[in-house]
Amino acid sequence: MRSYVVENFTERLVTREQPPLEPTGTEVIVRVAGSGVCHTDLHLQDGFYDLGGGKRLRLADRGILPPLTLGHEIAGTLERVGPDAPIAPSDWDKTYIVYPWLGCGTCAPCLDGDEQLCATPNSIGVARPGGYADECLVPHPRYLVDATGIDPTLGATYACSGLTAYSALRKVTADRERDVLLIIGLGGVGYSGLLIARALGYERIVVADIDPQKRTMAQELDGITALDPGDPTALTVLAELGGVASAVDFVGTTRTVEFGLAALRKGGACIVVGLFGGDVTIPLPPLVQRSTTLRGSYVGTLQELVELVELVKRGDLPPLPVEALPLDAANDALTRLRAGRVSGRLVLVAGRDTAGEAS
Ligand SMILES: [Zn+2]
Ligand SMILES: [Zn+2]
182 MRSYVVENFT
192 ERLVTREQPP
202 LEPTGTEVIV
212 RVAGSGVCHT
222 DLHLQDGFYD
232 LGGGKRLRLA
242 DRGILPPLTL
252 GHEIAGTLER
262 VGPDAPIAPS
272 DWDKTYIVYP
282 WLGCGTCAPC
292 LDGDEQLCAT
302 PNSIGVARPG
312 GYADECLVPH
322 PRYLVDATGI
332 DPTLGATYAC
342 SGLTAYSALR
352 KVTADRERDV
362 LLIIGLGGVG
372 YSGLLIARAL
382 GYERIVVADI
392 DPQKRTMAQE
402 LDGITALDPG
412 DPTALTVLAE
422 LGGVASAVDF
432 VGTTRTVEFG
442 LAALRKGGAC
452 IVVGLFGGDV
462 TIPLPPLVQR
472 STTLRGSYVG
482 TLQELVELVE
492 LVKRGDLPPL
502 PVEALPLDAA
512 NDALTRLRAG
522 RVSGRLVLVA
532 GRDTAGEAS
């Protein structure tokens, strides 16, 4: 089986060939039908996150070291299963999305169902081998979410970009009819967040993006107000709407978080999802007096992925644009993402060569 691997940080991925994976115990092997290409993959290739002020969060300091098989947005089918894996005969006919945010399974967050917040994460495509490969090992079938009927090229993207947006929107406490919900940044995850917010029934949604094309795209949906956060009147417009009850920042820079906080009404909450990088300084008395909440939201829970897939199956969530590329174009996909030359989500499809033919 083939996989595409970071052998040294900052370098191009290397192709590896190895014998098929052999599952033991409860392990299952998923034949990868689609593997989404995420911004996190660029950080994994680089080996760090930017913390602002010239500081870096080095992955090596967190025990994440090459070789790394990237790919945490995986959809596919069962290929082989270990002797103790609880699998029914009908499960072989299903298409699955793999929940990749694995923890230790025994700490308090894991026992609460928040494996993505485990102190010793063991995520697929981050700490353990992921989906830039023909096959992927999953330790237990409970991490497989039944997505039968959903195109795996699209379905793969729900494991990270979709789930990240969904989980952030589930943390919003605003009233769906009365309150203003502000969505900052309409990249892939932010646009997905906008569609999810509509599917969840939020009626007063304002979006903010510096890109006029993205604002126009959002305004093509009914009832969406779009603002340029760089426009000096943007905060006035939001204040005239009654102020923002919840802001979800899908960018995560100093400027976007400052904008989100400045837009909040008293009692409002700013939820930061984007990992672009930077820092903010917050004057404390107004934090107290205005009872402001600033919180982060990192990917999502297995239960939230199940809920999101249900939302998709009910037809409440329009599909996001995805572009399928053959698995052996993994390096090109990363290069394009790094250069910003991507309109929808890029998804690697195994079993096809660069000519697009079955192999
Ligand atoms: Zn991701
Ligand atoms: Zn844990």
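The opening residue of the sequence shown carries number 182 in my numbering; numbering runs sequentially from there. Just so you know, even glycine gets a beta-carbon here, dropped at the ideal spot from N, CA and C. Bear in mind that the values here come from a model prediction, so they are computed numbers and not experimental data.
*If you draw a straight line from the C-alpha of His-224 to the C-alpha of Tyr-230, how long is it?*
6 Å
*Member of Ala-514, Asp-509, Gly-263, Gly-449 whose CA lies at the smallest distance from the CA of Pro-467*: Gly-449
*asked:* Within a Cβ cutoff of 6 Å, which residues of the same chain sit near Phe-190, ignoring the five residues on either side of it in sequence?
replied: Gly-228
*Are three or more beta carbon pairs between the segment 290-306 and the segment 250-258 nearer than 8 Å?*
yes
*Using only alpha-carbon positions, find the residue among Leu-475, Arg-396, Val-453 that is nearest to Tyr-347.*
Val-453
*Beta-carbon proximity check, Val-429 vs Phe-457, cutoff 8 Å*: no
_Simplified DSSP state of Glu-421, which is helix, strand or coil_ = helix
*Three-state secondary structure assigned by DSSP to Asp-409*: coil
_Let me check you understand the geometry: is the CB of Cys-219 closer than 7 Å to at least one non-hydrogen atom of ligand 1?_
yes
*Would you kindly work out how many angstroms separate the C-alpha atoms of Gly-217 and Pro-204, rounded to a whole number?*
24 Å
*Pro-466: first and last residue of the uninterrupted alpha helix (DSSP H) it sits in*: 465-470
_Please report the straight-line C-alpha distance between Leu-376 and Val-326, rounded to a whole angstrom._
21 Å
*Which one of Cys-299, Gly-215, Pro-200 has the shortest CA to CA distance from Ala-510?*
Gly-215
*asked:* Taking contact to mean 3 or more Cβ pairs, one atom from each stretch, closer than 8 Å, check whether the segment 329-337 and the segment 462-477 are in contact.
replied: no
*Per-residue burial, Pro-410 [other beta carbons within 10 Å of its own, 16 or more giving buried]*: buried
*Use the C-beta contact count for Pro-507: other C-beta atoms within 10 angstroms, 16 or more gives buried, fewer gives exposed.*
buried
_For Glu-504, three-class secondary structure by DSSP_ = strand
*Close Cβ partners of Asp-272 (< 7 Å) along its chain, the five nearest in sequence each way excluded*: Leu-259
*Inspect the CB distances between the segment 358-376 and the segment 436-445 and report whether three or more fall short of 8 Å.*
yes
*Going by alpha carbons, who is nearest to Asp-390 out of Ala-380, Ala-415, Val-493?*
Ala-415
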